[in-house]
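Novice: First to last, the sequence lines map onto chains A and B. Per UniProt numbering, numbering through the first sequence is continuous, rising by one, with the last residue being 191. Per UniProt numbering, numbering through the second sequence is continuous, rising by one, with the last residue being 191. Quick one: this structure, given as structure tokens, is what I'll be asking you about.
2 protein chains.
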Amino acid sequence: MFDQFRDRFPLDDQHWNNYINCFERIEVPAKTILLNEGEISKKLFIIEKGCIRVWFNNNGKDVTFQFFFENQSVASLESFVKKFPSPVVVETIEPSVLWWIHKKDMDRILAEVIEIAQLRDQFINVLFQRTFDYMKHFFSFIKDSPTQRYLNLMEEKPQIVQRVPQHYIASYLGVSTVHLSRIKSKLVHKK
Amino acid sequence: MFDQFRDRFPLDDQHWNNYINCFERIEVPAKTILLNEGEISKKLFIIEKGCIRVWFNNNGKDVTFQFFFENQSVASLESFVKKFPSPVVVETIEPSVLWWIHKKDMDRILAEVIEIAQLRDQFINVLFQRTFDYMKHFFSFIKDSPTQRYLNLMEEKPQIVQRVPQHYIASYLGVSTVHLSRIKSKLVHKK
DNA sequence: GGCAGACGATAACATTTGTTATCAAATGCA
DNA sequence: TGCATTTGATAACAAATGTTATCGTCTGCC
């Protein structure tokens, strides 16, 4: 699982093994809630197999706003970093195989690792990249129609369209399930 | 202008003065374009007086997506950091007094300053905070009606409502100017 | 002072999107 | 296998929002 990341980290084997031993492997069924609204996040997850959605309750309707797949790490970032009650629920969509690490271990690793200039730069790059991704996603809400957002999604993240139930995608795109059906139907009709 | 920031930086006066001497003061009229779409951003601005909007052209309509006021720093972040052609235009709304610094100076300062643990943590915090702000703004597009977004804006950033022409606010909220007028009119009527 | 352009309100109409209800197909599970 | 649940399509209607056009006011500027 971790081998694929090994060469990005200029650490000796002892440190490296020490770090990856902090992770624990679990297997969970679909619809497992990994973090509930209002909880304070203590775990960071990495997905070996499966997928996860992050959503929140908006006046009784659930609104999905992120999807994660294999090899991605997942947490309610704001809650994990700042110890705020999580505004979101983290939940598996498919039966999944996950690795998790406790926040106190993660903090310790980060504190050590950030002294290494190269890793620090990687870390800062990741933070920038995350902001850019949000900006981009946000842009598309301002400028694109729901139909265009759906087309973008198929183009840019086909995994989501293929693996995720459609009603989750609808709320991710900011439309009702009925309307997403209409959008798909119109697209097929035009061909 | 820079005194207000002085105590946050554990630097000796020589370094500090050296850094702030990299900034240059300019006065510009309203509707001055500081960075155009497609340009690569070389300057970071700090606003002493005035306000700035960041917008982009979407099929002939301009869409505003950020406002900045006194004491805030402004750049097309993605362009400034990654040297990409800017997707956005940076433009003054009011006649403004600005301080700017060239990217090559900023990079040098950052490289020096990031070795200081305390400043590095501040820097990382700013990056996190920026991401959280985007998430929050984005959330409100998914979950709130345009009316609610307008109410939030009045509550959270009254400066914008007070100082910025309404048609810019409309595109910032993701509605047409006509609809924003309707929203305001309904709110007044209900009182 | 007067003029051009920017700004904002409003009306009428068009289009998009949401809501509710119903049905069919697929899926999971006992 | 068979039943309950989930998922998705569609229709009919309601509500929200966009578009175009018109008008009045304000503002900066010569």
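Just so it is clear, CB atoms sit at the ideal spot from N, CA and C, and this is done for glycine as well.
For ARG8/A, name the three-state secondary structure that DSSP assigns.
Specialist: ARG8/A falls in the coil class under three-state DSSP.
Novice: Should the segment 141 to 154 of chain B be called in touch with the segment 143 to 150 of chain A, which here means at least 3 C-beta pairs below 8 Å?
Specialist: In short, these stretches do not touch, since the Cβ pair count stays below three.
Novice: Straight-line CA distance for LYS104/A to CYS22/A?
Specialist: The straight-line gap from Cα to Cα measures roughly 10 Å.
Novice: Of the residues LEU151/A, SER171/A, PHE2/A, which one's Cα is nearest the Cα of GLY60/A?
Specialist: Of the candidates LEU151/A, SER171/A, PHE2/A, the one whose C-alpha sits nearest the C-alpha of GLY60/A is SER171/A.
Novice: What does a CB cutoff of less than 6 Å around PHE2/B pick up in its chain, not counting 5 residues either side in sequence?
Specialist: Excluding positions up to five away in sequence, the list reads ILE20.
Novice: Spell out whether any CB of chain B is found under 7 Å from the CB atom of VAL113/A.
Specialist: Not closer than 7 Å to any Cβ of chain B, the Cβ of VAL113/A fails to qualify, so no.
Novice: Can you look up GLU24/B in the DSSP assignment and give me helix, strand or coil?
Specialist: DSSP places GLU24/B in strand when its eight states are reduced to three.
Novice: Taking 7 Å as the CB-CB limit, is GLU156/B close to chain A?
Specialist: It does not: the Cβ of GLU156/B has no partner Cβ on chain A nearer than 7 Å.
Novice: Grab me the residues of LYS191/B's own chain with a C-beta within less than 7 Å of its C-beta, minus the 5 sequence neighbours each way, in chain order.
Specialist: Confidence is the limiting factor: at LYS191/B the pLDDT is only 46, short of 50, which leaves the residue's position unreliable, though a coordinate-based value still follows. Within the same chain, LYS191/B has no close Cβ partners at all.
Novice: Going along the UniProt domain "Cyclic nucleotide-binding" (11 to 110) of chain A in order, which residues come within less than 7 Å of chain B, judged by CB to CB distance?
Specialist: Of all residues in the UniProt domain "Cyclic nucleotide-binding" (11 to 110) of chain A, ASN58, VAL63, PHE65, GLU78, VAL81 have a Cβ within less than 7 Å of some Cβ in chain B.
Novice: Determine the contact status of ARG53/B and ILE93/B, defining contact as a CB-CB distance below 7 Å.
Specialist: Yes, they are a contact pair.
Novice: Do you know offhand how far PHE139/B's Cα is from LEU151/B's?
Specialist: About 15 Å.
Novice: Return the residue from the list VAL63/B, PRO10/B, GLN122/B, PHE9/B that minimises the CA-CA distance to GLU91/B.
Specialist: Ranking VAL63/B, PRO10/B, GLN122/B, PHE9/B by Cα distance to GLU91/B puts VAL63/B first.
Novice: Closest Cβ-Cβ distance between ARG149/A and chain B: below 7 Å?
Specialist: ARG149/A does not count as touching chain B.
Novice: Could you give the uninterrupted runs of the beta strand (DSSP E) lying entirely in the UniProt domain "Cyclic nucleotide-binding" (11 to 110) of chain A, keeping only those of 3 residues or more?
Specialist: Entirely contained in the UniProt domain "Cyclic nucleotide-binding" (11 to 110) of chain A, the beta strand (DSSP E) runs reaching 3 residues are, in chain order, 24 to 28, 33 to 35, 43 to 49, 52 to 58, 61 to 68, 89 to 92, 96 to 102.
Novice: Rounded to whole angstroms, what's the CA-CA distance from ASP7/B to LEU44/B? Just pull it up for me.
Specialist: Spanning the two alpha carbons is a distance of roughly 21 Å.
Novice: For THR131/B and chain A, any beta-carbon pair shorter than 7 Å?
Specialist: Yes, because at least one Cβ of chain A sits closer than 7 Å to the Cβ of THR131/B.
Novice: Please classify LYS191/A: does DSSP put it in a helix, a strand, or coil?
Specialist: Caution is warranted here: a pLDDT of 47 is assigned to LYS191/A, below 50, making its placement in the model unreliable, and no coordinate value can be reported.
Novice: Exposed or buried, which one is ILE169/B when buried takes at least 16 other CB atoms within 10 Å?
Specialist: With 16 or more other Cβ atoms within 10 Å, it is buried.
Novice: Using beta carbons (cut-off 7 Å, strictly below), is ILE142/B in contact with chain A?
Specialist: Yes, contact with chain A.
Novice: Is it a yes or a no for the segment 33 to 49 of chain A touching the segment 113 to 130 of chain A, going by three-plus beta-carbon pairs under 8 Å?
Specialist: Not touching, per the Cβ criterion.
Novice: Once the 5 residues before and after LEU34/B are set aside, which same chain residues still bring their CB inside 6 Å of it?
Specialist: Hits under 6 Å: VAL90.
Novice: Taking the alpha helix (DSSP H) that MET154/B belongs to, which residues open and close that run?
Specialist: Run containing MET154/B: 146 to 156, per the alpha helix (DSSP H) assignment.
Novice: What does LEU187/B reach in chain A if we use C-beta pairs closer than 7 Å?
Specialist: The contacting residues do not exist; LEU187/B stays about 20 Å from chain A at best.
Novice: Identify whether PHE139/B lies in helix, strand or coil by the three-state DSSP scheme.
Specialist: PHE139/B: helix per DSSP, three-state reduction.
Novice: Would you say LEU119/B reaches chain A, if we count a Cβ-Cβ gap shorter than 7 Å as a contact?
Specialist: Not one chain A Cβ lies under 7 Å of LEU119/B.
Novice: Looking at the structure shown, is ILE160/A part of a helix, part of a strand, or coil, going by DSSP?
Specialist: Three-state result, ILE160/A: helix.
Novice: Rounded to whole angstroms, what is the Cα-Cα separation between ARG25/A and ILE101/A?
Specialist: Roughly 9 Å separates the two Cα atoms.
Novice: With SER176/B as the anchor, note down where its alpha helix (DSSP H) starts and where it stops.
Specialist: SER176/B -> no alpha helix (DSSP H), and no H or E assigned at all.
Novice: List the residues of chain B that HIS179/A touches, going by C-beta distances under 9 Å, in chain order.
Specialist: Going along chain B, no residue has its Cβ under 9 Å from HIS179/A, so there is no contact; the nearest lies around 14 Å.
Novice: Can you name the residues of chain B whose CB is closer than 8 Å to the CB of LEU127/A?
Specialist: Simply ILE124, LEU127, PHE128, THR131.
Novice: Would you report the Cα separation of LEU127/B and VAL74/A, rounded to the nearest angstrom?
Specialist: Roughly 18 Å separates the two Cα atoms.
Novice: Report the neighbours of MET1/B on chain A: residues whose CB is nearer than 7 Å to its CB, in chain order.
Specialist: Those within 7 Å of MET1/B in chain A number zero; the least Cβ separation is about 27 Å.
Novice: Classify GLN129/A: buried if its beta carbon has 16 or more other beta carbons within 10 angstroms, exposed otherwise.
Specialist: Under this definition GLN129/A is an exposed residue.
Novice: Hey, does GLY174/B have any beta-carbon neighbour from chain A nearer than 7 Å?
Specialist: At least one chain A Cβ lies under 7 Å of GLY174/B.
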